[in-house]
Each structure stands twice: as C-alpha cells, then as structure tokens.
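Peer 1: In the working numbering, the protein residues as written are 1 to 874. Even for Gly, the Cβ is constructed at its ideal location relative to N, Cα and C. Please read through the structure below; I'll follow up with questions.
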C-alpha cells in the first residue's frame with residue numbers, strides 16, 4: 001500500500017517590488033477528509049480532491065485584485081458544484097469563469113478586451129489533475145526532473161508574441177484549456193505561477209531554487225531568483241503524512257479541515273482575516289485541525305461546544321449526580337438501630353425477611369432529587385443541541401454550503417457497507433449469546449457449594465440442569481456453518497460492488513469515446529481530451545479487473561482514432577541493424593554518408609564505423625575498422641579524451657575535401673576513408689565550456705555550447721579552423737541557449753531546446769515566418785533535430801522521446817505527420833537518442849535504447865493540406 005501524502009503550501013506575492021501577504025489571485029481548498037468519500041458525478045466513491053487556483057488578469061481593468069479574486073472564487077465554486085469526473089469539472093469551472101469575462105467584454109465594447117490566465121491543480125492523493133490556459137503556468141519538480149506546463153506559450157515565451165485571439169479566459173465564447181494528469185510522490189513540488197514569474201524563470205533556475213524539505217526556503221529562493229517587481233506563485237510541496245496526522249483526520253468531524261492559514265479563512269464568511277507577512281506567508285500545515293482557525297476565533301460558542309463534545313467537564317450536573325447517587329447508596333445501606341443478629345434473637349429472621357421483601361415507599365427527597373437531575377440533564381441536552389447548530393451554521397454560511405450538505409448524505413456504497421456491518425454485528429452478537437449459554441450449561445456456577453445452615457433459616461433445594469449433548473453437537477456444527485455463510489455473503493456482496501464499479505468505469509470510458517468520435521472532425525482537441533479521460537477511466541477499471549478483452553478492444557479503437565486525428569503513420573518495416581550492449585554505452589549521434597555509417601557512443605567515448613549494403617538495409621560484417629577512434633588513442637601525438645560530437649563536413653568555401661569532423665576535449669579530428677584519422681587546428685578552445693552539439697554548412701563549422709551560452713561559427717582555413725571563431729548571434733540579439741540540446745543547418749540554423757521549443761534563425765535573427773503549429777501534442781523531451789539543404793532534405797525532423805514519435809515539419813514549422821512504431825514492435829521510441837534521414841533513399845536511421853534501427857519513410861497519401869484538422873487546435 002502506498003504511503004499517504006499531504007501537501008504543504010507556500011505563497012509568493014510581489015507587488016511594486018515589495019513582498020506582500022494575502023495574494024488575491026490565489027485559492028486553496030481542502031476537501032473534507034474525515035467524511036466518507038462521496039461520488040464525483042456518476043462515479044460513486046471518488047472525491048473531488050484538494051483544489052488550488054492561481055489567476056492573472058490582463059487588460060484595462062480598474063481593480064485588478066478584485067477581478068482576479070472573483071475569477072479564482074468562481075472557478076472554486078463551479079468546480080465543487082459540478083458533477084462528473086475531475087477533468088470534466090475543471091473544464092466546466094474554467095468555462096464558467098471565462099463566460100463572466102466574455103460577457104463583460106461584450107457589454108463594455110472596449111477596443112482592448114480584458115482576458116485572464118489561470119492554472120488550476122487538483123490533488124487527489126498521488127494523482128494530480130492540471131487545467132491551464134492563458135498567461136499562467138505550472139512548474140513540476142518530480143524528483144530530479146522539471147517541466148513547465150505549457151512547454152510552449154505565446155504568453156510566456158519572448159520569441160512568441162501573443163496574438164489578439166490568443167487562448168485565454170474571456171477571449172472567446174468557448175475555450176479549450178490544456179489538461180494534464182500526473183502522478184506525484186513525497187519530495188515532489190508543484191509551482192503555480194503567473195506570467196510575470198513564469199515568463200522569466202528558466203527551468204534550471206527553478207530546479208536550483210526549490211528545496212523539497214522547506215517550502216519557506218523554496219519561496220524565498222524563487223523570489224530572489226525572479227528579481228521581479230510584480231509576480232505571484234503558489235508552491236505545493238508533497239510530503240508523506242505522519243501517522244499522528246492520519247489519526248487526527250480519522251477522528252475529525254465532518255467539516256472543512258484547516259489548510260494554509262493565510263487563505264482558507266476567507267472561505268468562511270464569519271471568519272476573521274489574518275494578516276500575513278512575507279515571513280509567515282510561505283508556511284502552512286496540511287489538514288491537521290478539524291476546525292478552521294478563523295472559525296474557531298470568531299465563534300466562541302463553537303469553541304465551547306468542541307470542548308463539551310470532547311470530554312464532559314465536571315460541572316453542576318455531574319457533581320450533583322454523584323452526590324445524589326452516593327446519598328441513595330447510603331440510605332439503602334443504613335441499618336435500623338434496633339436490628340440485632342439472628343443468633344441473638346431467634347425468630348426475628350422471618351420478620352426481617354418479610355420487611356425486606358415488602359416494597360418500600362420512595363421518600364419525597366429522593367423524588368425531588370431525581371426530578372432535579374432529569375431537569376438538569378434536559379437543560380444540558382438542549383444547550384449542546386443549540387451549540388451544535390451554531391457550529392453547523394458556520395459551515396453552512398460558507399460559500400460551499402451546497403457541497404457540505406451533499407457530503408452529509410450517505411452514498412449508496414456507504415449504505416450497503418453500513419447494512420453489511422450491522423448484519424455482521426448482529427450475527428456476532430448471536431454467536432456470543434449462544435456461546436455464553438453453552439458455558440452457563442457446562443461450567444458450574446460460581447459460589448455454589450456447601451453452605452453452613454443457620455438457625456431459623458429455610459432450606460431450599462438446589463436446582464440442577466441436565467445438558468443435552470445433542471444440542472451441544474448441533475450448536476458446534478452450526479457455528480462454523482454460520483461463519484462460512486457470513487463470510488460467503490460478505491465476499492458475494494464485495495464481488496457485486498466491485499463488478500458494479502468496474503462496469504461504471506468501462507461504461508464511462510465507452511461514453512467518452514463515443515463523444516470523441518462525434519466531434520473528432522470538427523473539434524479534434526476536445527476529442528483528444530475526451531479520450532484522455534476515457535483512458536483514465538480504463539486505468540481505474542484495470543485496477544479492479546485486469547486483462548479484460550473489452551478494455552483491450554476499446555484501447556485499440558482509441559489508438560486508431562488518435563492516429564487518425566494526429567496524422568500518425570506507423571512504421572511497419574523497422575528491423576534492428578545493430579545493438580551496443582557494452583556497459584556504460586550511451587549512443588548520441590548517427591551520421592550516414594553513402595554506404596559509410598558512423599555511430600558515436602559518448603558513454604564509452606568511441607566511434608563505430610559500419611558499412612551498409614547496396615540497398616542500405618543491412619550492415620556488412622565487421623572488419624578491423626569497427627572502432628574508428630576511442631578514448632586514450634594517440635592520433636599524431638594527440639591523446640583522444642572525451643569525444644563530444646561529430647558531423648559530416650562537405651567541401652565548400654576554402655575547404656577542398658569532405659571529411660568526418662570529430663570534436664573532442666583535446667582538439668579537432670578529421671577522418672577521410674582514404675587517409676585515415678588525422679588532427680586539425682581549432683582556435684579559441686579556451687572559449688568553450690561544455691559543447692553539446694556540432695554541425696556544418698558549406699565548409700563552415702558550428703559549435704553549440706549551452707554552458708557558455710554561445711553558438712560559435714568557424715570559417716575554414718588551410719590547416720583546419722585556425723582562425724578565431726565568431727558568435728553567430730549579434731551582440732544586440734541576445735539568445736538564451738542554456739536549455740539547447742541540438743542544432744541543424746540548411747542555410748538557416750534550427751536550435752532545439754529541452755523544454756520543447758524549436759527556433760529558426762537566419763543571419764542570427766529569428767525567422768519571422770517560422771512557427772511550429774498543428775501538433776496534436778507539444779514536444780515533450782525532444783532529443784534531436786535533423787535537416788539539410790533543400791536539394792538533399794525537404795523537411796525538418798524532430799525526435800520527440802517524451803511522446804515516443806518522430807515528427808515531420810515543413811521548413812516554416814507547419815506540421816505534416818508523425819511516425820511511430822506499430823503496436824507489438826520491440827521498439828517504442830521511448831528512449832530515442834538520434835536520427836538521420838535519407839529522403840533520397842527513403843530511409844530513416846534511428847538510435848533508440850543503444851540499438852540501431854532502419855525504417856522506410858512511408859509514402860504520403862494526402863499531399864495537400866495534411867494538417868487541416870490539426871490546425872484547428874491552434
């Protein structure tokens with residue numbers, strides 16, 4: 001069983017360069033955890049989770065704080081009132097807030113409309129559901145991996161300019177938020193940030209700023225790293241819940257538990273706002289108190305009521321009850337003064353027995369005391385009832401009174417469980433009674449034995465009972481049978497409940513898939529979102545019953561429709577050419593020139609040399625040139641060290657030969673199949689920090705160095721590249737290359753970034769006509785980009801490992817199609833490392849998981865407007 005987790009909240013708000021408390025654009029809501037889990041729409045037993053919202057308004061608005069607060073609260077109310085799954089509720093909540101802004105824009109008729117961004121996060125144990133739109137973002141730090149949602153945004157990235165119709169709250173009558181589903185564990189962190197922070201925070205800075213052990217330190221580091229005059233962020237740290245905290249939650253009353261002490265108090269109308277400073281605005285406790293502090297401080301009566309329910313105080317009622325009870329005992333135990341022993345006064349025993357057997361008349365004092373006690377009991381009962389109503393009114397007066405009332409209604413599953421529990425309790429009670437009767441019959445009575453006969457006392461015959469052994473035998477047989485029946489009924493009921501829940505999940509997935517089919521042609525983005533929800537339902541169904549054919553069949557239909565929407569073409573011919581199983585192997589680059597094929601293993605610092613057959617589909621047997629060069633090898637008095645990257649350098653400019661150029665940490669190497677490996681001059685080695693990729697064009701040599709934040713260009717000389725390099729980007733056109741992973745050149749320079757961006761530059765400046773568009777999913781963990789001059793390659797190819805695909809783009813960024821392995825192939829493209837495309841020969845050479853594959857480029861069935869459907873998403 002996975003450990004229970006909780007979230008610790010930290011808040012960051014900077015206005016005019018000063019830190020402030022009580023950010024108006026942030027909302028945090030804790031779901032009641034002490035109550036039984038209530039159904040979410042048509043799915044009983046699944047709660048709505050904890051909700052965290054951050055908004056940002058843009059445009060001509062007089063009171064920005066008030067507008068952002070209204071939008072956040074509208075999303076909060078709409079989410080918890082909505083029926084259906086978490087994803088559907090988030091979609092409806094954001095649409096509700098957008099409708100408010102859209103109506104305002106239509107009525108105002110202002111030339112510049114008011115729009116807003118939002119990021120909403122629902123935490124349900126280890127499941128995280130995200131909805132994002134407009135100028136806002138979510139950073140996830142999951143272990144040592146960090147990602148921003150969205151990876152590419154016109155609102156956040158400097159290279160992109162927000163259009164007038166850029167997606168945001170209030171921009172149109174119908175919005176489509178970006179939806180994501182994640183899994184988290186202890187020591188993970190989530191950061192909800194507005195565009196003023198998210199737009200200027202590189203992923204590396206965010207990763208260095210966060211500290212999973214301290215939310216307070218993380219918020220301070222983020223504020224210092226950003227250096228912004230305005231900005232807002234909500235930091236969520238995922239920690240493992242302690243045992244004591246869980247026990248408190250189990251025993252807590254069914255009211256909202258306290259979450260972050262800076263925000264939750266404003267959700268209660270009778271609560272009193274707590275001022276927050278920059279120091280205390282960044283700490284919180286996750287659901288450790290059964291009653292919010294604001295409610296407890298503003299409601300003294302409710303506070304007293306809590307004490308009364310927890311442990312009865314010794315008051316007037318309890319003390320007088322004890323005195324009255326003692327008085328009764330003393331009166332019943334008192335002996336008349338004239339009473340003597342039976343031995344000293346024979347004949348008095350019968351009279352005393354008659355007197356004791358005669359019913360006694362209650363004294364007037366006893367009746368009055370009992371009446372007073374009863375009256376005080378009813379007074380206390382009425383007092384506790386009034387206080388309980390006052391406590392309930394605090395919750396009912398909050399903005400969530402509808403949800404609170406709904407949570408009091410028992411779910412069908414709860415009713416069945418309570419019925420089974422009551423039945424089992426009754427059966428156990430009957431078994432206990434039968435066992436008691438058996439022991440009473442079998443065992444001798446305590447205290448029965450020889451007694452001394454007293455003078456004048458009556459002698460009574462001791463009653464004995466005979467045990468029926470047949471009765472004992474029948475009871476002994478009935479007890480295990482009864483236990484078997486009870487267990488069987490319990491398992492039967494449990495099986496029926498699981499079967500009903502399984503059918504609900506499968507039916508929900510089928511319905512969502514049918515809805516996606518109906519709108520796939522007109523609204524592909526919404527259709528993909530519905531299929532994502534259907535997949536979530538199928539995952540839950542698999543937890544109950546794994547390996548069901550109906551789940552497999554539905555997944556196959558969904559995969560087919562996803563391929564159709566995303567214009568996916570499966571690679572049905574994908575043979576394995578070579579494996580590299582050596583320990584520490586990490587393939588980085590593949591270069592093909594004619595029938596010569598080179599593979600760089602940066603893990604073991606070796607370059608492998610292979611030869612292809614005439615068809616380019618298989619490798620010829622290895623020969624003595626298999627390892628072209630390796631670490632520690634001496635080449636012309638130079639010892640090879642770390643091999644960083646390689647590229648094929650064609651002749652051009654002042655360069656007369658075509659060679660394989662290899663960059664290593666000790667210099668430059670060149671390989672000509674006719675002249676073997678030689679060294680070459682390379683100037684400016686002191687300018688390099690940690691190069692990530694190299695490329696070539698018309699004899700020029702390019703080195704991409706993210707650590708130094710430079711892209712250097714070398715012009716050829718007679719002895720190699722002995723002239724000092726020049727920066728490709730002009731000084732006035734600064735470009736952040738810290739996240740760059742690869743580059744390709746066809747005359748223009750294409751730079752691929754780890755966060756999913758692909759930028760095109762001409763003469764050191766961004767190409768105005770280039771924009772990646774039409775993708776069904778944005779790039780996630782791209783690793784390699786490939787292109788060449790138009791006479792060799794017509795398109796741009798991106799190896800997108802996060803989405804397990806190879807994407808084909810026009811050279812203006814327009815999406816054409818994407819390639820994936822067919823179902824059942826041993827390769828999944830989940831560990832793509834590099835690609836080389838031979839469009840003339842129709843071949844794809846692929847490095848994946850230290851294996852070399854070759855595939856045929858599928859023919860393009862539709863040549864005109866291949867991404868018409870997908871462009872509707874952008």
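Could you spell out the range, first to last residue, of the beta strand (DSSP E) harbouring residue 143?
Peer 2: Here residue 143 refers to the residue found at position 143 when the chain shown is read from its first residue. It is not in any beta strand (DSSP E) - residue 143 carries neither H nor E in the DSSP assignment.
Peer 1: Taking a contact to mean a Cβ-Cβ separation below 9 angstroms, would you say residue 604 touches residue 622 in this structure?
Peer 2: Here residue 604 refers to the residue found at position 604 of the chain shown. Here residue 622 refers to the residue found at position 622 of the chain shown. No.
Peer 1: Skipping 5 residues on each side, what residues in its chain have a beta carbon closer than 6 angstroms to that of residue 739?
Peer 2: On the chain shown, residue 739 is found 739 positions in, with the first residue counted as 1. 753, 754, 755, listed in sequence order.
Peer 1: Hey, residue 630 and residue 606: beta-carbon distance below 9 angstroms or not?
Peer 2: Position 630 of the chain shown, counted from the start, is the residue given in the question as residue 630. Position 606 of the chain shown, counted from the start, is the residue given in the question as residue 606. Contact: yes.
Peer 1: Would you tell me roughly how many angstroms separate the C-alpha atoms of residue 735 and residue 200, rounded to the nearest one?
Peer 2: If you number the chain shown from 1, residue 735 lands on position 735. If you number the chain shown from 1, residue 200 lands on position 200. Between residue 735 and residue 200, the C-alpha separation is close to 13 angstroms.
Peer 1: Given this structure, state the Cα-to-Cα distance separating residue 671 from residue 723, to the nearest angstrom.
Peer 2: Walking along the chain shown from the start, residue 671 turns up at place 671. Walking along the chain shown from the start, residue 723 turns up at place 723. Near 21 angstroms, if we compare the C-alpha coordinates of residue 723 and residue 671.
Peer 1: With DSSP as the reference, identify every bridge partner of residue 815, one or two as the case may be.
Peer 2: Locating residue 815 in the chain shown gives position 815, where the first residue counts as 1. DSSP lists 809 as partners of residue 815.
Peer 1: If I measure Cβ to Cβ from residue 800 and keep anything under 6 angstroms in the same chain, skipping five residues before and after, which residues do I get?
Peer 2: Locating residue 800 in the chain shown gives position 800, counting from the first residue. Taken in chain order, the residues that qualify are 779, 782, 807.
Peer 1: How many Å lie between residue 898 and residue 567 at the Cα?
Peer 2: No answer is possible for residue 898: the residues shown for the chain start at 1 and end at 874.
Peer 1: From the DSSP output, which residues share a beta bridge with residue 761?
Peer 2: Position 761 of the chain shown, counted from the first residue, corresponds to residue 761. According to DSSP, residue 761 bridges with 749, 766.
Peer 1: Would residue 519 and residue 776 qualify as a contact pair, given that the criterion is a beta-carbon distance under 9 angstroms?
Peer 2: Translated into the one-based positions of the chain shown, residue 519 becomes position 519. Translated into the one-based positions of the chain shown, residue 776 becomes position 776. The answer is no: Cβ separation not under 9 angstroms.
Peer 1: Please identify the residue among 230, 131, 11, 75 whose C-alpha is closest to the C-alpha of residue 875.
Peer 2: Shown here, the chain extends from 1 to 874; a query on residue 875 therefore has no answer.
Peer 1: Between 590, 66, 50, 48, which has its C-alpha nearest residue 56's C-alpha?
Peer 2: On the chain shown, residue 56 is found 56 positions in, with the first residue counted as 1. Closest by alpha carbon: 66.
Peer 1: Taking residue 590 as the reference, which of 853, 814, 69, 217 has the closest Cα?
Peer 2: In the chain shown, residue 590 corresponds to position 590, counting from 1. It is 853 whose Cα lies nearest to the Cα of residue 590.
Peer 1: Near residue 699, which residues of its chain fall below 6 angstroms by C-beta distance, leaving aside the five closest residues on each side in sequence?
Peer 2: Indexing the chain shown from 1 puts residue 699 at position 699. For residue 699, where only same-chain residues beyond five positions count, the Cβ hits under 6 angstroms are 652, 653, 655, 716.
Peer 1: For residue 649, which beta-bridge partners are listed by DSSP?
Peer 2: Looking up residue 649 in the chain shown gives position 649. Note: residue 649 sits in a beta bridge opposite 659.
Peer 1: Does the distance from the CB of residue 647 to the CB of residue 660 come in under 9 angstroms?
Peer 2: Residue 647 sits at position 647 when you count from the first residue of the chain shown. Residue 660 sits at position 660 when you count from the first residue of the chain shown. The answer is yes: Cβ separation under 9 angstroms.
Peer 1: Ignoring anything shorter than 3 residues or poking outside the segment 39 to 85, list the beta strand (DSSP E) runs there in chain order.
Peer 2: Fully enclosed beta strand (DSSP E) runs of 3 or longer: 50 to 58.
Peer 1: Evaluate residue 551 with the Cβ neighbour count: other Cβ atoms within 10 Å of its Cβ, from every protein chain shown; 16 or more gives buried, anything less gives exposed.
Peer 2: Position 551 of the chain shown, counted from the first residue, corresponds to residue 551. Buried: at least 16 other Cβ atoms inside 10 Å.
Peer 1: When burial is assigned at 16 or more other CB atoms within 10 Å of the CB, is residue 322 buried or exposed?
Peer 2: Here the question's residue 322 lines up with position 322 in the chain shown. With a pLDDT of 37 at residue 322, under the threshold of 50, the modelled position of this residue cannot be trusted; read the value that follows with caution. Flag for residue 322 reads exposed.
Peer 1: Can you find the residues in the same chain that come closer than 8 angstroms, C-beta to C-beta, to residue 542, ignoring five residues on each side of it along the sequence?
Peer 2: Counting from one through the chain shown, the residue named residue 542 turns up at place 542. Correct list, in chain order: 548, 551.
Peer 1: With C-beta atoms as the reference, is residue 619 less than 9 angstroms away from residue 645?
Peer 2: The residue given as residue 619 occupies position 619 in the chain shown. The residue given as residue 645 occupies position 645 in the chain shown. The answer is no: Cβ separation not under 9 angstroms.
Peer 1: Less than 7 angstroms between C-beta atoms, sequence neighbours within five positions excluded: which residues of the same chain meet that for residue 786?
Peer 2: Translated into positions along the chain shown, residue 786 becomes position 786. Contacts found: 744, 797, 835, 836, 837.
Peer 1: Please report how far the alpha carbon of residue 746 lies from the alpha carbon of residue 666, in whole angstroms.
Peer 2: The residue given as residue 746 occupies position 746 in the chain shown. The residue given as residue 666 occupies position 666 in the chain shown. In a straight line, the C-alpha of residue 746 is about 28 angstroms away from that of residue 666.
Peer 1: Let's test the definition: count the other Cβ atoms within 10 Å of the Cβ of residue 356 and tell me whether it reaches 16, buried, or not, exposed.
Peer 2: Translated into the one-based positions of the chain shown, residue 356 becomes position 356. The predicted model places residue 356 with a pLDDT of 44, which falls under 50 and marks its position as unreliable, so this point remains unresolved.
Peer 1: Please report the distance separating the alpha-carbon of residue 139 from that of residue 25.
Peer 2: Here the question's residue 139 lines up with position 139 in the chain shown. Here the question's residue 25 lines up with position 25 in the chain shown. The straight-line gap from Cα to Cα measures roughly 18 angstroms.
Peer 1: Of the residues 179, 597, 182, 489, which one's Cα is nearest the Cα of residue 617?
Peer 2: Residue mapping note: residue 617 aligns to position 617 of the chain shown, counting from 1. Checking every option, the nearest Cα to that of residue 617 belongs to 597.
Peer 1: What are the boundary residues of the beta strand (DSSP E) that residue 524 is part of?
Peer 2: Counting from one through the chain shown, the residue named residue 524 turns up at place 524. Not the beta strand (DSSP E): residue 524 falls in the alpha helix (DSSP H), residues 524 to 544.
Peer 1: Quick check: residue 571 and residue 826, are their CB atoms within less than 9 angstroms of each other?
Peer 2: Reading the chain shown from its first residue, position 571 is the one you call residue 571. Reading the chain shown from its first residue, position 826 is the one you call residue 826. Result no, Cβ atoms of residue 571 and residue 826 do not sit closer than 9 angstroms.
Peer 1: Where does residue 688 sit, in a helix, a strand or coil, going by DSSP?
Peer 2: Numbered from its first residue, the chain shown carries residue 688 at position 688. Residue 688: coil per DSSP, three-state reduction.
Peer 1: Can you tell me whether residue 731 is buried or exposed? The criterion is at least 16 other CB atoms within 10 Å of its CB, across all chains shown.
Peer 2: The residue labelled residue 731 in the question sits at position 731 within the chain shown. Under this definition residue 731 is an exposed residue.
Peer 1: Let's test the definition: count the other Cβ atoms within 10 Å of the Cβ of residue 558 and tell me whether it reaches 16, buried, or not, exposed.
Peer 2: Mapped onto the chain shown, residue 558 falls at position 558. By the 10 Å Cβ count, residue 558 comes out buried.
Peer 1: Give, in chain order, every unbroken run of the beta strand (DSSP E) that is at least 3 residues long and sits entirely within the segment 562 to 632.
Peer 2: Within the segment 562 to 632, the complete beta strand (DSSP E) runs of at least 3 residues are 568 to 571, 576 to 579, 587 to 593, 596 to 601, 606 to 611, 627 to 630.
Peer 1: Is it the case that the segment 83 to 93 contacts the segment 170 to 184, given that we only count it when at least three CB pairs across the two stretches are under 8 angstroms?
Peer 2: With the cut-off at 8 angstroms, the segment 170 to 184 and the segment 83 to 93 touch.
Peer 1: Can you name, in chain order, every residue of its own chain whose Cβ lies under 7 angstroms from the Cβ of residue 748, other than the five neighbours on each side?
Peer 2: Position 748 of the chain shown, counted from the start, is the residue given in the question as residue 748. The answer, listed in chain order, is 760, 761, 762, 767.
Peer 1: Taking residue 60 as the reference, give the member of 195, 116, 112, 792 with the closest Cα.
Peer 2: Numbered from 1 along the chain shown, position 60 holds the residue referred to as residue 60. Selected option, being the one with the closest Cα: 112.
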